[in-house]
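Report on the following structure.
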Amino acid sequence: MPAIVLIGSQWGDEGKGKLIDVLSSQVDFVVRYQGGANAGHTLKVKQEQIIVHLVPSSIFYSQVTSVIASGVALDIVALCQEIQNLKKIGKMQDDKKFLISDSATLLLDSHKQLDQARESFAGIQKIGTTGKGIGPAYEARASRKALIFSDLFQKDSILLQKLEEQTRESSFLLSHLYKQKPLTPKDLLKQICECRALLQTYRCEDVSLVLHQALEQGKKVLFEGAQGSLLDLLHGTYPFVTSSFTLAGGALPSSGLGFKNFTKTIAVTKAYTTRVGSGPFPTECDSEAGQHLQKQGQEFGAVTGRKRRCGWLDLPALKYAIRLNGASSLALMKLDVLSYLKEIKICVAYSLNGQEIKNFSASSQNISKYQAVYQSFKGWNQDLSQITSYKDLPEEARSYISFISKSVNKPIDIISVGPKRAQSLWINKIF
Ligand code: IMP
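Residue 282 in this note's numbering sits at position 34 of the sequence shown; the count goes up by one each step and never skips.
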């Protein structure tokens, strides 16, 4: 009964989508358990590129049941659009293979409106959110005013009443503080009712039960993390974080499983670091090397199109993420992007007022004062994208990889050298 969790060990965009896609050929279930349409997982199969936001990245595989668990902030309008687009290109043909938890939180356009109004009001203090309403939707859930997926199938009159209750405070804020015209409960009702017919077929009253039974029958279940560990609401670089629990532990309450069900956690790690939005980033690099990473890595946000900030791999941050997640191994992504750099750096510690600091600090105040201390590595003048086995990598690349693995004391299961499935070097079997 293997249940494996795959999480991002940095600030998101580590390449989780590609890995889920590659591993989906070996599993029965893929579960998306937190976040919402702020995620953008890019999948490339043959010449086809698809970006999924809410639908799990297993969508190319017809044998897999894809599940949206209770912890997800569900933008049903965006989800309907995504499903319709996927159906148009021949995916998601079997409606029985996609399940949505009745208890997932409904994310409404009023949440997006509030998210965007707050960000523009905050000026330079802004978090740099994706504007997808994630914070306000989870706030509504915590205040027990949110609608959940099962509410969508209630009578219109009940829905309208719930919408009136939920928007009372946010409408007040929008009109009086942010000077914007709020969407009315009737506008929202019209919008969400249009989604009912399409989404009805995917309802799942108890995702936890489905997953328990699957595991009891020996099925393989993969949990797909979104965003990254350093964006976790409690353990990330607060307040520059997202509003969900991005760590592997978040998979438990979000899907309704217990500790004993999980057998392995893989920390998906990009061979360098990126960050979108505001917040501290000790290894950020604006020089020629930073531009190389941005350009060769095509580092643009899959949701907002913003340029991602780029920098070197940060080992103290990676060790922190491994500890928080209880990660058993790494998947090293986008190694090919480092090709042709003369020198590659890895941050091995920080310094502050001449003192060496070994550990990452999630305190934004502290970490923004730290200077990165680097170890340099010789680059390799070779394209890696056609290489199919670890032993064929240039010696310099192998030294870089083995330094990372030794420093964090974890094995590396897979190395990715390009966006396609075949551009994956397997070192250890996952299942
Ligand atoms: P929110 O999740 O839209 O509220 O944004 C909060 C922070 O998380 C911002 O810095 C976003 O740029 C960042 N963020 C949210 N989702 C992702 C993601 O999928 N990848 C990378 N950064 C993200």
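Using N, Cα and C, we set each Cβ at its ideal position, and we do this for glycine too.
Inset, instruction - May I have all residues whose beta carbon comes closer than 7 Å to any heavy atom of ligand 1, sorted in chain order? - result: W259, G260, D261, G283, N286, A287, G288, D363, I375, G376, T377, T378, G379, K380, I382, G383, A474, Q475, G476, L479, F488, V489, T490, S491, V524, G525, S526, G527, G549 and V551
Legend entry - Coarse secondary structure for A597, derived from DSSP in three states: strand
Inset, instruction - Report all residues from its chain with a CB closer than 6 Å to the CB of R554; omit the five preceding and five following residues, and keep chain order. - result: V524
Legend entry - C-alpha gap between L354 and G545, whole angstroms: Approximately 34 Å between the Cα atoms of the pair.
Inset, instruction - Quick one: grab the DSSP three-state call for I635. - result: coil
Legend entry - Whole alpha helix (DSSP H) elements within the stretch 442–521, 4-residue minimum: Within the stretch 442–521, the complete alpha helix (DSSP H) runs of at least 4 residues fall at 455–464 and 499–503.
Legend entry - Beta-carbon proximity of V746 to H289, cut-off 7 Å: The structure shown does not extend to residue 746, since the chain is modelled only from 249 to 679, so the question has no answer here.
Inset, instruction - Report, in whole angstroms, the separation of the C-beta atoms of K508 and V275, which I expect to be a contact under 8 Å. - result: Incorrect: roughly 19 Å between the Cβ atoms, too far for contact.
Inset, instruction - Using a threshold of 7 Å, state whether the C-beta atoms of L589 and A519 are closer than that. - result: no
Legend entry - Within 7 Å, strictly: CB atoms of Y648 and I675: no
Legend entry - At least three beta-carbon pairs within less than 8 Å, the stretch 454–471 to the stretch 357–371: no
Inset, instruction - Scan the stretch 529–583 and note each continuous alpha helix (DSSP H) run of 4 residues or more that stays entirely inside, going in chain order. - result: 536–544 and 563–573
Inset, instruction - Could you name the residues of the same chain whose beta carbon sits closer than 6 Å to that of K567, not counting the 5 residues immediately before and after it, in chain order? - result: So the list reads V656, once near-sequence residues are dropped.
Inset, instruction - Just tell me which of L356, I298, R389 and T517 has its CA closest to the CA of K438. - result: L356
Inset, instruction - Assess, as a yes-or-no matter, whether the stretch 450–460 is touched by the stretch 315–329 under the definition of 3 or more beta carbon pairs within less than 8 Å. - result: yes
Inset, instruction - Could you tell me which of I268, R557 and S526 sits nearest to A537, measuring between CA atoms? - result: R557
Inset, instruction - Count the CB pairs spanning the stretch 335–342 and the stretch 397–412 that are closer than 8 Å, and state whether there are at least three. - result: no
Legend entry - Same chain only: Cβ atoms within 6 Å of H483, ignoring 5 sequence neighbours per side: Cβ within range, chain order: L572 and A610.
Legend entry - Own chain residues within Cβ distance below 6 Å of P304, not counting five before or after: V278, R280, S314 and E472
Inset, instruction - Check the DSSP bridge columns for W674 and list the partner residues they point to. - result: I662
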